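> When the first sequence is numbered by the working numbering, its final residue is 1731 and no position is left out of the sequence of numbers. Backbone N, C-alpha and C fix where the C-beta goes; we use that ideal spot for every residue, glycine too. The structure displayed is predicted, hence computed values, not measured ones.
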Amino acid sequence: MRRFNPQQLEAATATEGRILVLAGAGSGKTSVLVERCIHLVETCNISPDAILALTFTNKAAGEMRSRVARKLGKEKAEKITLSTFHSFCYSLLKNEIHHLGYAASFSIYQERELKRLLEQIAPYALEKTEGLSKDALYEMAKRPKSREDEKLKRFLSETMKAHNALDFDDLLEVTLQLFENFPHVLSVYQQRYRYIMIDEYQDTNRIQYELAEKLAHRHGNLFVVGDDDQSIYAFRGSDIRLILEFPHTSLIKLEQNYRSTPGILAIANHVIEKNPNRHGKTLRTAQIDPNLPHLFVAPTEEDEAKAVVLRILKLKEEKCLDWSDFAILYRSNTLARIFEVELLNAHRKEGDRFVRGIPYEVVQGTEFYERAEVKDLLAYLRMFHNPCDETAILRIINYPRRGISPDALKKITERQRSHHERLLHTLRHLPDSLSSAAKAGAAGFIRLIEEGQNTFKTRPLADAIRWLIHTIELQECLRQENKDDKMFQFKWQNVQAFVELAKTSGTNDLGEFLGGCMLDRLHKQNAGGERDRVQLLTFHSAKGLEFSACFLTCLEDELLPHEKSREEGTLEEERRLFYVAITRAKRYLTLSMAQKRKKYGAMKATNPSRFLFDIPKHCLEIEPFDRPHTFL
DNA sequence: GAGGCGTGGATTTTT
DNA sequence: TCCACGCCTC
Ligand SMILES: Nc1ncnc2c1ncn2[C@@H]1O[C@H](COP(=O)(O)OP(=O)(O)OP(=O)(O)O)[C@@H](O)[C@H]1O
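This is the structure we're talking about:
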């Protein structure tokens, strides 16, 4: 706090009332939040468990906690409730959801799973379903516009309740319902959280707003910080008006940027200026640095990736940076692939040896959890924990094969539906028409569930998972399925990585572990291992972070602005996204694009992002493209 | 009931 | 390019 300017100081020490900090990128908003936590505890003697600080991503929450811990010590820092809205609601519901008739062991359904479920129930919920895609059904249930839509929505929520399951939106919605219907529950939390603060407030949605208002109602101390120019989650329901119209007792603006060089700030301003309807914020910097951001145009996507990697090697050497000072940013997750390949193949000097590969981390990478073998294991765990989770059950009811064919399954679910039973009940009382193979399979499956539940209750988590893998003969099953040994090895490694994840997750509680997997996308790198890695992430997930050197890649029309944004009419949001990305860089910023990129396997010519034309030429150092002479 | 093969559709962004 | 799903045969 010593280095804070007067406005920051004011914000960090104004503890009472409703305070809005509205300020541009890199002006120290998050720093203020951190110092405010410290000030409350150290100077005002507020108990850390009276503080609720909500962030947008788990990564941001983690980062904030470690910054607070540096000053307050780990013990006090851990007592602060510091998480995303979703994690906060999840933990709260674990304790309180019984009021609403769910069990604490509730599952969390992914969007995909919800869509699939909608397809299954639609014929029973609607008059006619032909011509309705699963996306259309999803839209109907989420934002009902007619009686029919309402019917589908109700049917879905009844089904979800029967499955004892929530989706991501439900975590917030159900918490709000709880607060509305059980005032005595709300009052406990209102009482407890005397100071509430929210980061990235420009990206909160209506429900988050209502939750915050309800929680802050008693003490009235609500502190929100944000930047309307960085609102990039409208597609998820965030509403910029919530910050612009936030009723406040005090408004504080921060105008000094401490993060970036003047050259970086200049292009950020040129880009965002082109948006109409802005609430003109000024950003100054006191830094002196004559360097300009760079721009290069590569012939192909592969050339672009190679060039980025070479630049990283060169810059690291020249400026003595760590790997983790570098970030490669891109619009969509799939683009990470190309850079991963080049990072893996890069040769570099370490001391006087040549080594292959640059350490990197794909931030928020969900690839691991997308793997079928991992999803299967998770489904087993979910089923043991919450036997009503029929999405999980249906996924693995015949995997590995146990004789329950699609035909048999149809008979089972038909009976289930006509008798209004739980799936497990039907599996215990099978229809006679089933083949004997299916009957035997179902009986074995029921035994497995019972044994599994017992095992997971009594044994340490990793042991129990090993038991599961052994019992279902997963290794043999994978070997048989994958004639290609390499593929088998790869999948088996993922299975083992999952066991490792459980071992290092720091919990033996199945529910807690599952929560971590679903909400946090726990990663083995999170749990330890080498931290110093080049960071690969989307423009979206870079929000709130900063890096010494940033590479903004794939800056092509159709990618940025994304072609889909054209139909949606969200060009302004795409421009804000570019602004967010630019302002992540502290010292070195390189923009790049490729003239040809593969689309569905075929090379296709590209055009430069239209946003590049918003930057005056004199603000950039435009590099001719030298085909990188690799020493491979 | 299992497994192999061929076709057509897919990719935005996240908790 | 890849994967999911449907159709076919054993
Ligand atoms: N008063 C200050 N003096 C020097 N450096 C500061 C000061 N305040 C903040 N900083 C530094 O400026 C950088 C940006 O701060 P911070 O991340 O808090 O900004 P922010 O407003 O939250 O940014 P964004 O909106 O982009 O998330 C950080 O590296 C921080 O340490």
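1. By Cβ distance below 7 Å, which residues in the same chain neighbour P1715 in space, the five residues on each side in sequence not counted?
2. Does DSSP put C1188 in a helix, in a strand, or in coil?
3. May I have the straight-line CA-CA distance separating I1342 from V1140, to the nearest angstrom?
4. So, with DSSP's three-state summary, where would you put Y1429?
5. Ignore the nearest five residues each way along the sequence and tell me which others in A1563's own chain have a CB closer than 7 Å to its CB.
6. For C1649, which beta-bridge partners are listed by DSSP?
7. Please determine if the segment 1644-1651 and the segment 1235-1242 are in contact, where contact requires at least 3 C-beta pairs separated by less than 8 Å.
8. Please identify the residue among L1199, F1267 and K1227 whose C-alpha is closest to the C-alpha of K1260.
9. Run through DSSP, which three-state label would M1296 get?
10. Please confirm if the segment 1176-1186 is in contact with the segment 1213-1226, defined as three or more CB-CB distances below 8 Å between the two stretches.
11. Tell me, which residues are paired with V1182 by DSSP?
12. Please list, in chain order, all residues of the same chain as R1455 whose beta carbon is under 6 Å from its beta carbon, the five residues on each side excluded.
13. Starting from M1120, follow the beta strand (DSSP E) in both directions and report where the run begins and ends.
14. I'd like to confirm something about K1128: is its beta-carbon nearer than 7 Å to some heavy atom of ligand 1, or not?
15. Return the first residue and the last residue of the beta strand (DSSP E) that P1222 is part of.
16. The beta strand (DSSP E) with Y1459 in it runs from where to where?
17. Note the first and the last residue of the continuous alpha helix (DSSP H) segment covering K1510.
18. Could you tell me whether the segment 1358-1369 touches the segment 1674-1684, using the rule of 3 or more Cβ pairs below 8 Å?
19. Contact defined as beta carbons within less than 8 Å: I believe I1457 pairs with L1480. What is the distance between those atoms, to the nearest angstrom?
20. What would DSSP say about F1395, mapped onto helix, strand or coil?
21. Do you know how far the Cα of T1129 is from the Cα of Q1634?
22. Using a 10 Å radius around the Cβ and a threshold of 16 neighbouring Cβ atoms, would you call I1351 buried or exposed?
23. What's the C-alpha gap between G1116 and A1149?
24. Rounded to a whole number of angstroms, what is the C-alpha to C-alpha distance between N1157 and A1537?
25. Taking the beta strand (DSSP E) that Q1634 falls in, what are its first and last residues?
26. Determine the DSSP secondary structure at M1100, reduced to helix, strand or coil.
27. Going by the C-beta, is F1103 closer than 7 Å to any heavy atom of ligand 1?
28. For H1332, verify whether its CB is less than 7 Å away from any heavy atom of ligand 1.
29. What is the rounded straight-line gap between the Cα of P1361 and the Cα of R1335?
30. Go to S1349, then tell me how far its beta strand (DSSP E) extends in each direction, as first and last residue.
31. Between E1645 and ligand 1, is the CB less than 7 Å from at least one heavy atom?
32. Spatial neighbours of F1345 within its chain, please: C-beta separation below 8 Å, excluding the five flanking residues on both sides.
33. For A1626, count the other beta carbons within 10 Å of its own beta carbon; 16 or more makes it buried, fewer makes it exposed. Which is it?
34. Is T1112 near ligand 1, judged by its Cβ being under 7 Å from some heavy atom?
35. Report the rounded CA-to-CA distance for K1474 versus E1520, giving the unit in angstroms.
36. Given the structure, does A1124 come close to ligand 1, in the sense that its CB is under 7 Å from one of the ligand's heavy atoms?
If we stick to the structure as given:
1. Residue numbering aside, residue 1715 sits at position 616 when the first sequence is read from its first letter. Excluding sequence neighbours, P1715 sits near H1369.
2. As a working note, residue 1188 is residue 89 in the first sequence. Three-state DSSP puts C1188 in a helix.
3. Taking the first residue of the first sequence as position 1, residue 1342 is located at position 243. Taking the first residue of the first sequence as position 1, residue 1140 is located at position 41. If I take the Cα positions, the gap works out to 27 Å.
4. Locating residue 1429 in the first sequence gives position 330, counting from the first residue. Three-state result, Y1429: strand.
5. As a working mapping, residue 1563 is identified with position 464 in the first sequence. Sequence-distant partners of A1563 (beyond 5 residues in either direction) whose C-beta falls short of 7 Å from its own C-beta, in its chain, are T1554 and F1555.
6. Counted from its first residue, the first sequence places residue 1649 at position 550. Paired residue(s): A1426 and L1688.
7. no
8. For the purposes of this step, residue 1260 is taken as residue 161 along the first sequence, with counting starting at 1. Among L1199, F1267 and K1227, the Cα nearest to that of K1260 is on L1199.
9. Locating residue 1296 in the first sequence gives position 197, where the first residue counts as 1. Reduced to three states, the DSSP call for M1296 is strand.
10. Contact between the segment 1176-1186 and the segment 1213-1226 is absent, because fewer than three Cβ pairs lie under 8 Å.
11. One-based indexing of the first sequence puts residue 1182 at position 83. Strictly speaking, residue 1182 in this sequence is Ser, with Val absent from that position. DSSP lists L1153 as partners of S1182.
12. As a first step, residue 1455 must be located in the first sequence, where it is residue number 356. Same-chain partners within the cutoff: H1446.
13. On the first sequence, position 21 is the one that residue 1120 refers to. The amino acid occupying residue 1120 in the given sequence is Val; Met does not appear at that position. Where V1120 is concerned, the enclosing beta strand (DSSP E) stretches over R1117 to A1122.
14. Against the first sequence, residue 1128 aligns to sequence position 29. Indeed, a heavy atom of ligand 1 lies less than 7 Å from the Cβ.
15. Start at 1 with the first residue of the first sequence, and residue 1222 comes out as number 123. It is not in any beta strand (DSSP E) - P1222 instead sits in the alpha helix (DSSP H) that spans E1210 to A1224.
16. Against the first sequence, residue 1459 aligns to sequence position 360. Looking at the DSSP string, the run of the beta strand (DSSP E) that includes Y1459 is Y1459 to V1461.
17. Indexing the first sequence from 1 puts residue 1510 at position 411. P1505 to H1518 is the extent of the alpha helix (DSSP H) around K1510.
18. yes
19. If you number the first sequence from 1, residue 1457 lands on position 358. If you number the first sequence from 1, residue 1480 lands on position 381. In fact, because the Cβ distance is near 34 Å, the residues do not count as touching under 8 Å.
20. On the first sequence, position 296 is the one that residue 1395 refers to. It is a strand residue.
21. Indexing the first sequence from 1 puts residue 1634 at position 535. Indexing the first sequence from 1 puts residue 1129 at position 30. The alpha-carbon atoms of Q1634 and T1129 are separated by roughly 21 Å.
22. Locating residue 1351 in the first sequence gives position 252, where the first residue counts as 1. Counting Cβ neighbours within 10 Å, I1351 comes out buried, since at least 16 surround it.
23. As a working note, residue 1116 is residue 17 in the first sequence. As a working note, residue 1149 is residue 50 in the first sequence. If I take the Cα positions, the gap works out to 15 Å.
24. For the purposes of this step, residue 1157 is taken as residue 58 along the first sequence, with counting starting at 1. For the purposes of this step, residue 1537 is taken as residue 438 along the first sequence, with counting starting at 1. Straight through space, the alpha carbons of A1537 and N1157 are spaced by roughly 44 Å.
25. As a first step, residue 1634 must be located in the first sequence, where it is residue number 535. Counting along the chain, the beta strand (DSSP E) containing Q1634 begins and ends at V1633 to T1637.
26. Counting from 1 along the first sequence, the entry for residue 1100 is found at position 1. Looking at M1100 - three-state DSSP - the assignment turns out to be coil, as it is neither helix nor strand.
27. Taking the first residue of the first sequence as position 1, residue 1103 is located at position 4. Answer for F1103: yes, Cβ within range of ligand 1.
28. Counting from 1 along the first sequence, the entry for residue 1332 is found at position 233. Looking at the sequence itself, residue 1332 is Tyr, so the reference to His does not match. Annotation for Y1332 indicates a beta carbon at 7 Å or more from all heavy atoms of ligand 1.
29. Mapped onto the first sequence, residue 1361 falls at position 262. Mapped onto the first sequence, residue 1335 falls at position 236. Their Cα atoms are separated by approximately 33 Å.
30. The sequence position of residue 1349 within the first sequence is 250, counting from 1. First-last of the beta strand (DSSP E) with S1349: S1349 to L1353.
31. As a working mapping, residue 1645 is identified with position 546 in the first sequence. Answer for E1645: yes, Cβ within range of ligand 1.
32. Position 246 of the first sequence, counted from the start, is the residue given in the question as residue 1345. Answer for F1345: R1117, L1119, Y1300 and V1323, listed in chain order.
33. Taking the first residue of the first sequence as 1, we reach residue 1626 at position 527. Only weak support exists for where A1626 lies, its pLDDT of 46 falling under 50; the coordinates are left without a value.
34. As a first step, residue 1112 must be located in the first sequence, where it is residue number 13. Flag unset: Cβ of T1112 not near ligand 1.
35. Along the first sequence, read from residue 1 onward, the residue named residue 1474 stands at position 375. Along the first sequence, read from residue 1 onward, the residue named residue 1520 stands at position 421. Taking the straight line from one Cα to the other gives about 26 Å.
36. The residue labelled residue 1124 in the question sits at position 25 within the first sequence. Because some heavy atom of ligand 1 lies under 7 Å away, the Cβ of A1124 counts as near it: yes.
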